[in-house]
Structures are given as structure tokens and as C-alpha cells.
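Under our numbering, the first residue of the sequence shown carries the number 814, and numbering increases by one thereafter. We treat Cβ as the ideally placed atom computed from N, Cα and C, and that holds for glycine. See structure below.
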Amino acid sequence: MNTDAIIVTGLYNTQEETLAAVEKIQEKGFEVAEVHSPIPSDALAQALGRKKSKIGWFTLIGGIIGFFSGFSLAVFTSTRWDLIVSGKPIISWIPFFVIAFEFTILFAVLGNVLGIVTQVGLLDPDYEKNYDPECSGSMYGIEVASTPEDADSLRDLLDHTGSIKKQRETK
Numbered sequence: 814m815n816t817d818a819i820i821v822t823g824l825y826n827t828q829e830e831t832l833a834a835v836e837k838i839q840e841k842g843f844e845v846a847e848v849h850s851p852i853p854s855d856a857l858a859q860a861l862g863r864k865k866s867k868i869g870w871f872t873l874i875g876g877i878i879g880f881f882s883g884f885s886l887a888v889f890t891s892t893r894w895d896l897i898v899s900g901k902p903i904i905s906w907i908p909f910f911v912i913a914f915e916f917t918i919l920f921a922v923l924g925n926v927l928g929i930v931t932q933v934g935l936l937d938p939d940y941e942k943n944y945d946p947e948c949s950g951s952m953y954g955i956e957v958a959s960t961p962e963d964a965d966s967l968r969d970l971l972d973h974t975g976s977i978k979k980q981r982e983t984k
């Protein structure tokens, strides 16, 4: 008995067809490995049971670290090298907040980039293995994992749900 999983990809024209197909595929007990969409879709993410992204936390933490880093740098610099002008305080709050704001933006962007690289899977070499370029234009694609024995019933199910084109790829 061959235990290799097979990925079958079905292409659909509309988001509604894709949502209906995902629900029917999951009802039949097949595992939906991935759904490719030409536009972001909250409905597809909900149908697949996807969790909320953690990238916002990377941005928030980066921004907080940036604020305190910028403010600390300004305070350290002004206390280390005094520039006393007309009896004004050495630690001037308003100009230091400008520096802290700039560091907040810089570190928030860097945290966001770090979050995207680590959380989205950009470093995954197998991501585009079963990807169909038509999914970047106007089509929706569903990748479904199956055993070789169930591949024919899966293809029939994809036909029944309105799939336009099917591809077979061994995982």
C-alpha cells in the first residue's frame, strides 16, 4: 500500500463557487491543504478556520522598542554631552519625542518585515510547488490532500463542485 499523499488542485471562477466547494470537500472528510485567491478573502479564511495573523504583534512590539530606544538615545546623548543653552533643561521633552517618534516608525516597520518573513512562510521552499499562476489573475484554486486510493473519488467530487481544471501532483 502506497502511503504517499497526493495533492489535487481544482480551479474555480468565483469566490462563491470556491466557498461552496471548500465546504463540500470538508464535509466529505478530505483535507484542504491550501486555497489560492487572486484577492484577499476573509470568507475563505473563515471557511478554512484560519487564525488571526500575529504580524500586528511584531509591529506593536517593534514600535514600543523603537520608542524607548529613541527616547533613551536622546536622553543618553544629552546627558553625556551637555549643551547648556540659556539655562534651558538638558533633557528637553518635546524634541526628544520627535526622535522617539522617528525610532517608533523605524522599528515598527522593521518588526513588521520580520513578522512577514517569519509568519507568512516566505522562506518555505515548497510553497509554489502546486501553485497555478492563473490564481494570480482571475481564478481561485483549492489544493486538496488525498491518499492515492481516494484520488479518483476526490476528482469526481471536484467535478461535482464545478471545478474547471484539475491537476495532480504527488507530495
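Do residue j and residue i count as a contact pair if the criterion is CB distance below 7 Å?
i    : j    : result
L824 : A860 : no
F889 : T917 : no
K841 : L971 : no
I877 : G924 : no
In chain order, what residues of the same chain lie with their CB nearer than 8 Å to the CB of residue i, ignoring the 5 residues before and after it?
i    : result
I912 : G883, F884, L886, A887
V930 : L936
Straight-line CA distance for residue i to residue j?
i    : j    : result
E956 : V848 : 6 Å
K978 : A856 : 23 Å
F910 : G869 : 23 Å
Y953 : I904 : 58 Å
E807 : E962 : Outside the displayed range of the chain (814 to 984) lies residue 807, so it cannot be described from this structure.
Could you name the residues of the same chain whose beta carbon sits closer than 7 Å to that of residue i, not counting the 5 residues immediately before and after it, in chain order?
i    : result
R893 : none
L967 : V821, F843, V957, S959
Tell me the DSSP bridge mates of residue i?
i    : result
I844 : What sits at residue 844 in the sequence shown is Glu, not Ile. In DSSP, E844 forms a bridge with A958.
H849 : G954
Considering only residues of the same chain and omitting the five flanking positions on each side of residue i, which have a CB-CB separation below 6 Å?
i    : result
G900 : none
Should residue i be counted as a contact of the ligand GTP given a C-beta to heavy atom distance under 6 Å?
i    : result
D969 : No copy of the ligand GTP appears in this structure; indeed no ligand is present at all.
What are the complete alpha helix (DSSP H) segments, minimum 4 residues, inside the segment 891-959? 906-932
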